[in-house]
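Colleague:
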Amino acid sequence: MLTSSPSSFNFLYKLTLRLVKKIIETGKLKAINFVNKKSFKPRAYNSILYCLNLPIVSQVYKSIYFPQIYRKSKKKPNTIVIEPYNVCNLACTMCPYPDLTRPKEQMSMQLFEKVIDDAVNNNFKRLSLSLYNEPYMDSLIFDRIKYAKKKGLETTITTNATLLTEELIQKTMSSGVDCVTFSIDSLDEKKYESIRVNASFKKTISNAKKMIAYRTQLNQKKPMLTMAAVLHGNDNSLNDMEDRLKGLDIYAVSMRDNRKDGQPTPGHLKAYPCFWPWNQLVVYSSGEIALCCVDSDNAHDLGDLKTQTINEVWESKVFKNLRKLLLKGQGDQIEICKDCDIPYRQSPVLWWAL
Numbered sequence: 001m002l003t004s005s006p007s008s009f010n011f012l013y014k015l016t017l018r019l020v021k022k023i024i025e026t027g028k029l030k031a032i033n034f035v036n037k038k039s040f041k042p043r044a045y046n047s048i049l050y051c052l053n054l055p056i057v058s059q060v061y062k063s064i065y066f067p068q069i070y071r072k073s074k075k076k077p078n079t080i081v082i083e084p085y086n087v088c089n090l091a092c093t094m095c096p097y098p099d100l101t102r103p104k105e106q107m108s109m110q111l112f113e114k115v116i117d118d119a120v121n122n123n124f125k126r127l128s129l130s131l132y133n134e135p136y137m138d139s140l141i142f143d144r145i146k147y148a149k150k151k152g153l154e155t156t157i158t159t160n161a162t163l164l165t166e167e168l169i170q171k172t173m174s175s176g177v178d179c180v181t182f183s184i185d186s187l188d189e190k191k192y193e194s195i196r197v198n199a200s201f202k203k204t205i206s207n208a209k210k211m212i213a214y215r216t217q218l219n220q221k222k223p224m225l226t227m228a229a230v231l232h233g234n235d236n237s238l239n240d241m242e243d244r245l246k247g248l249d250i251y252a253v254s255m256r257d258n259r260k261d262g263q264p265t266p267g268h269l270k271a272y273p274c275f276w277p278w279n280q281l282v283v284y285s286s287g288e289i290a291l292c293c294v295d296s297d298n299a300h301d302l303g304d305l306k307t308q309t310i311n312e313v314w315e316s317k318v319f320k321n322l323r324k325l326l327l328k329g330q331g332d333q334i335e336i337c338k339d340c341d342i343p344y345r346q347s348p349v350l351w352w353a354l
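When you line the sequence shown up against UniProt numbering, it's residues 1 to 354, in that order.
(1) From what residue to what residue does the alpha helix (DSSP H) around T216 run?
(2) Bridge partners for D304 per DSSP, in chain order?
(3) Alpha carbon to alpha carbon, how far is L207 from R126?
(4) If you run the structure through DSSP and keep just helix, strand and coil, what is M224?
(5) Can you grab the Cα-Cα spacing for the pair T309 / C88, in whole Å?
(6) Could you give the first and the last residue of the continuous beta strand (DSSP E) run that contains Y310?
(7) Would DSSP call I157 helix, strand or coil?
(8) Is the stretch 185-200 touching the stretch 163-171 in the sense that three or more CB pairs, one from each, lie closer than 8 Å?
(9) Residue range of the alpha helix (DSSP H) that I80 falls in?
(10) Give me the Cα-Cα distance between D99 and C92, rounded to the nearest whole angstrom.
(11) Between the stretch 66-81 and the stretch 280-287, do at least 3 Cβ pairs fall closer than 8 Å?
(12) Per DSSP, C51 is paired with what?
(13) Does DSSP put T165 in a helix, a strand or coil?
(14) Nearest by alpha-carbon distance to N298: which of P223, L90, T101, Y85 is it?
(15) Could you check whether the stretch 209-226 touches the stretch 238-251, counting it as contact only if at least three pairs of C-beta atoms, one from each stretch, sit closer than 8 Å?
(16) Should residue 355 be labelled buried (16 or more other beta-carbon atoms within 10 Å of its own) or exposed?
(17) By a C-beta neighbour count over all protein chains shown, 10 Å radius and 16 as the cutoff for buried, is L71 buried or exposed?
(18) Look at the alpha carbon of L49 and the alpha carbon of W352, and state the distance between them as a whole number of angstroms.
(19) Straight-line CA distance for A271 to K338?
(20) Under DSSP, the alpha helix (DSSP H) around Q280 begins and ends at which residues?
(21) From L327, D341, K203, A213, pick the residue whose C-alpha is nearest to that of M173; which is it?
(22) How far does the alpha helix (DSSP H) with V318 in it extend, from its first residue to its last?
(23) What does DSSP give as the partner residue(s) for N175 in the beta ladder?
(24) According to DSSP, simplified to helix, strand and coil, what is K38?
(25) Hey, quick one: how far does the beta strand (DSSP E) through L127 stretch, first residue to last?
(26) Leaving out the 5 sequence neighbours to the left and right, which residues in its chain are closer than 6 Å to G287 when beta-carbon positions are compared?
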């Protein structure tokens, strides 16, 4: 049982400092649940969250962490997420895509170039071309990558790998894209196909292996090839990632969030100010702005880059007010935020990564 004695406090204070050091080291990779190894164990992350919610540890940690939050909240994001064409060929169980009401729309190259130029002028460094879409369904995807790279942006795509052909693999390897992430949530065929509805497990794994083999044949270091899995309960098949998909650079396992089903967050966790609006600016294929990547169906009218600049959107009264509420820990006053578990599961750590 915890006490408030000086010896107990000193022990927990030192423990917290060691924990903070480890969290900062992890956060330097600037990615959800990535660690400086080939894999991430969600159980270990849950242990970190448990420690951070211990009464004295929590007090000490907040005294160190909150000044970082307020300092970093003064800055714009340095990552921009652009959804080039809001279509996908799958209906994954954890994704809201099948329920989206936004019109299907392919962003024109003219608008894309306008947004990229504006982002570069605002010192953005990274571009992700993945939101609620499958990048390879966008006929302009390689033109977009080429333009972004010409402007100096580190560029990434996330794909379900189901549509890959030899031609697409070759074009990807020569495109200059910095990172390709395969979304493969299980290495058990039955479980994978129950999650990734409309996908063939054998075809997906075969396609991923072909891209890995082609990069090896070319003796290229880029693009970095990674695999991201969203954990759905216990899945021992993920322990075989390194053997089943040799040649990948990083294997990352993250815990499923509740953006699709809105399940309540476990009551023992404490919320921290959400970091996502400061981590990345999210642009729909229409040019409109999302509050964050969880805002799948444009819940807030935050602006439109067809007619506005990034700075005008960021400094707008409505966007400022939403960010103030998040910093005050009052996200429950924002409709899309009130049931979100990210402030409980990710925000306690990930401000260090900004």
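Even for Gly, the Cβ is constructed at its ideal location relative to N, Cα and C.
Modeller: According to the structure shown:
(1) The sequence position of residue 216 within the sequence shown is 216, counting from 1. Looking at the DSSP string, the run of the alpha helix (DSSP H) that includes T216 is 201-218.
(2) Here residue 304 refers to the residue found at position 304 when the sequence shown is read from its first residue. Per DSSP, E288.
(3) The count along the sequence shown starts at 1 and reaches residue 207 at position 207. The count along the sequence shown starts at 1 and reaches residue 126 at position 126. Per the sequence shown, residue 207 should be read as Asn rather than Leu. Cα to Cα, N207 sits roughly 26 Å from R126.
(4) The residue labelled residue 224 in the question sits at position 224 within the sequence shown. M224: strand per DSSP, three-state reduction.
(5) Counting from one through the sequence shown, the residue named residue 309 turns up at place 309. Counting from one through the sequence shown, the residue named residue 88 turns up at place 88. C88 has its alpha-carbon roughly 28 Å from the corresponding atom of T309.
(6) As a working note, residue 310 is residue 310 in the sequence shown. It should be noted that the sequence gives Ile, not Tyr, for residue 310. Element bounds for I310: not the beta strand (DSSP E) but the alpha helix (DSSP H), 310-314.
(7) Taking the sequence shown and counting its residues from 1, one reaches residue 157 at position 157. The three-state secondary structure of I157, taken from DSSP, is strand.
(8) No, because fewer than three Cβ pairs between the stretch 163-171 and the stretch 185-200 fall closer than 8 Å, the two stretches do not touch.
(9) Numbered from its first residue, the sequence shown carries residue 80 at position 80. Note, I80: premise wrong, no alpha helix (DSSP H); beta strand (DSSP E) at 79-82.
(10) Translated into positions along the sequence shown, residue 99 becomes position 99. Translated into positions along the sequence shown, residue 92 becomes position 92. Computed Cα separation, rounded: 11 Å.
(11) Counting C-beta pairs with one atom in each stretch, the stretch 66-81 and the stretch 280-287 have three or more that are closer than 8 Å, which means they touch.
(12) Numbered from its first residue, the sequence shown carries residue 51 at position 51. Partner(s): none; C51 has no beta bridge.
(13) Taking the sequence shown and counting its residues from 1, one reaches residue 165 at position 165. Here T165 sits in coil by DSSP.
(14) To locate residue 298, count along the sequence shown from 1; it is residue 298. Nearest of P223, L90, T101, Y85 to N298, Cα basis: T101.
(15) Short answer: they touch.
(16) Because the chain here runs from 1 to 354, residue 355 falls outside it and cannot be looked at.
(17) As a working note, residue 71 is residue 71 in the sequence shown. The residue you asked about is not Leu; residue 71 is Arg in the sequence shown. Counting Cβ neighbours within 10 Å, R71 comes out exposed, since fewer than 16 surround it.
(18) Residue mapping note: residue 49 aligns to position 49 of the sequence shown, counting from 1. Residue mapping note: residue 352 aligns to position 352 of the sequence shown, counting from 1. Cα-Cα distance, rounded: 15 Å.
(19) Position 271 of the sequence shown, counted from the start, is the residue given in the question as residue 271. Position 338 of the sequence shown, counted from the start, is the residue given in the question as residue 338. Each residue's Cα considered, the two are about 11 Å apart.
(20) On the sequence shown, position 280 is the one that residue 280 refers to. Careful: Q280 lies outside any alpha helix (DSSP H), inside the beta strand (DSSP E) at 280-283.
(21) Counting from 1 along the sequence shown, the entry for residue 173 is found at position 173. Closest option to M173, Cα to Cα, is A213.
(22) On the sequence shown, position 318 is the one that residue 318 refers to. Going by DSSP, V318 is part of the alpha helix (DSSP H) stretching over 317-327.
(23) Here the question's residue 175 lines up with position 175 in the sequence shown. The sequence shown places Ser at residue 175, rather than the Asn named in the question. Answer by DSSP bridge pairing: none, since S175 is not bridged.
(24) Stepping through the sequence shown from its first residue, residue 38 is reached at position 38. Because the pLDDT at K38 is just 44, under 50, the model does not fix this residue reliably, and the point stays unresolved.
(25) Here residue 127 refers to the residue found at position 127 when the sequence shown is read from its first residue. Residues 126-128.
(26) Sequence index remark: in the sequence shown, residue 287 carries index 287 (1-based). Closer than 6 Å at the Cβ level, and outside the excluded window around G287, lie L111, D304, L305, K306.
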